[in-house]
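Residue 24 in the numbering used here is what sits at position 34 of the sequence shown, and the numbering runs on without skipping anything.
Every residue, glycine too, gets a C-beta built ideally from N, C-alpha and C.
Note that the structure is predicted; figures quoted are calculated from it, not measured.
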Amino acid sequence: MANVLLVDDEQNVLLTYRAVLERGGHRVSTASTAEDALALFDNEGADVIVTDMNMPGISGIELVKRIRQKSPETEIIVMTGAGSERTGIQAMQAGAYDYLRKADIVPDELILLVEKAAEKSSLQTAIELRTRIAGLREGFENIIGEDPELLEVLGVVKKVAATDSSVLIYGESGTGKELIAEALHANSPRKTKPFVPINCGALPKDLQESELFGYVKGAFTGAQTNKKGLFEEANGGTIFLDELGEMELPLQVKLLRFLQDHKLFRIGDAKPIVVDVRVICATNKDLKKLIAEKRFREDLYYRVNVIALVLPPLRERKGDIPRLAQFFCSVFAERFGRGECKLSDNALEQLLNYDWPGNIRELQNVLERSVILADNPVIGTEHFPKDFNEPHVNLREILEDQPTLDELEKRYILDTLRVTKGNKVLTCERLGISNTTLWRKLKEYGVAQEAGIREETPMVV
């Protein structure tokens, strides 16, 4: 199946050939002018373009040239009128895949020609992608995936790894922020020196400063000897501060001072220590929001945010799930002595349909459990957690535009009804409300009748 863009200024032609191509199993978009086709192509792309040559405005020849400049891997089939073979040849010289005379078009032949053009387009795209990935993969062998957003991140990582610039990695929990930090370190001149990862959220608040910057004997009760902090331990290498948004404000001041002159003070010592270390930070929080709430220093934000990397969540790179899943299956099969393991088609489909709120870490945990529980080499859906593929309300989307409390309640109720597929009993159980309350709320929203809910006489207890 290919994504086809059909271009012609005659509506009957568009309708006829759209029906033909859709019958052949292709997805078809249409445009009446070359200008509209270019705009549609910029927004949606296409594997194959089938276009008339003689249209008002930009000509078919010019459209071929512009598409070839934008996307060399997209194949173009041109349609010409009677006696216009010369135009078709000119179009092929400009980069078209083939041409057809409208008077000679046979539906099955058109479908076949589009399929051949789509195969060539797919091959060209694969070659271009593999070439790009090969250039990026050197030094990043432990990072699995071919998603365009991920490849874009790796391209930036490759450029900045050799520098000492501060890097701030954004991403939800489980997206692989530490793995990217390790890749930055492994591809830098510091790779033979320590890489020290620290989760700021996991450090007790009263120990953050002593753990990071160290202390001298007698600095406080229990300080029996001098102790190096983690910044000193990372000297010459890289320190990775994960969950930076959890760092206390007083410690943010010390980190800012260190980033300015690379000098630190152990607790209880007035003598500065010079430390040569690259600082990479990561967060799953909106630091600008924390700044507005006076919980994060603005000057520190600009100091650590020299290079910003944004990791896509797994639900936005589902094309990488098959490779990631097989990788984890192989790793855990070897670890637990299970021999070769693979996923059934139904199991893979379920993985692809899930939203992965815990991202790659959740995928890893699900497959570790499945490999342990599987009694044969094939992992099926029965080996997944029972509630694994149960629909969930997406709170991230509900809260995205900061709704009022009334609007938030409405969205939560309607989304819960949606994920329970209209099951009123289950909806009430999840919301902790009675059927009467649910009916009243939906009536207030104007959807009670559509939801098939009727008022019931409430029980008196």
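Do residue j and residue i count as a contact pair if the criterion is CB distance below 8 Å?
i	j	result
E139	F230	no
L(-5)	A24	no
F203	F221	yes
N336	G370	yes
V368	K411	no
G227	R180	yes
L421	I403	yes
Y205	R247	no
A152	S111	no
I311	L342	yes
K207	Q214	yes
R58	G85	yes
E233	G166	no
V40	Y89	no
V267	A323	no
I170	V150	no
A81	G50	yes
P46	D(-2)	no
R328	V300	no
V18	I101	no
G348	S163	yes
D37	N(-7)	yes
I281	L314	no
Y160	T273	yes
Label residue i either buried or exposed according to how many other C-beta atoms from any shown protein chain fall within 10 Å of its C-beta, with 16 as the threshold for buried.
i	result
G135	buried
K431	buried
P194	exposed
E128	Model confidence at E128 stands at a pLDDT of 49, short of 50, so the residue's coordinates are unreliable; what they give is reported in the following sentence. Exposed is the call here.
T20	buried
D42	buried
V243	exposed
P302	buried
V68	buried
S155	exposed
E65	buried
A364	buried
A107	buried
G78	buried
T182	exposed
Using the DSSP secondary-structure output, state which residues sit across from residue i in a beta bridge.
i	result
M453	In the structure displayed, the chain extends from -9 to 451; residue 453 sits before or after that span and is not available.
D232	N189
A298	L158
I369	L333
C271	L158, L231
K253	V264
V(-6)	V18, V38
K284	Beta-bridge pairing links K284 to no other residue.
R55	Note on residue identity: the sequence assigns Lys, not Arg, to residue 55. Partner(s): none; K55 has no beta bridge.
Is residue i helix, strand or coil by DSSP?
i	result
V437	coil
Y291	helix
K454	Absent from the model: residue 454. The displayed extent of the chain is -9 to 451, so no value can be given.
K207	coil
K376	coil
K195	helix
K110	helix
K218	coil
P179	coil
V10	helix
S424	coil
D276	coil
R82	The identity of residue 82 in the sequence shown is Met, whereas the question assumes Arg. It is helical.
A224	coil
E399	helix
T165	coil
V96	coil
E238	coil
W429	helix
Using C-beta distances below 6 Å, list every residue in its chain close to residue i, excluding the 5 sequence neighbours before and after it, in chain order.
i	result
L158	C271, V294, N295, A298
V3	none
D259	V206
V452	Since the first residue shown for the chain is -9 and the last is 451, residue 452 is missing from the structure and cannot be characterised.
S288	According to the sequence shown, residue 288 is Glu rather than Ser. Answer for E288: I281, listed in chain order.
P97	V10
Give a yes or no on whether the minimum CB-CB distance between residue i and chain B is below 8 Å.
i	result
M237	The chain inventory of the structure shown lacks chain B, comprising one protein chain alone.
Which same chain residues end up closer than 8 Å to residue i when comparing Cβ atoms and leaving out the 5 residues on each side of it in sequence?
i	result
Q250	R293
P262	K253, L254, F255
Which residues in the same chain have their Cβ closer than 7 Å to the Cβ of residue i, if we skip the five residues on either side of it in sequence?
i	result
E172	F185
I117	Interpretation of I117 is limited by its pLDDT of 49, a score under 50 that renders its predicted location unreliable; no figure is taken from the coordinates.
E399	none
L290	Q242, L245, L246
K217	G204, Y205
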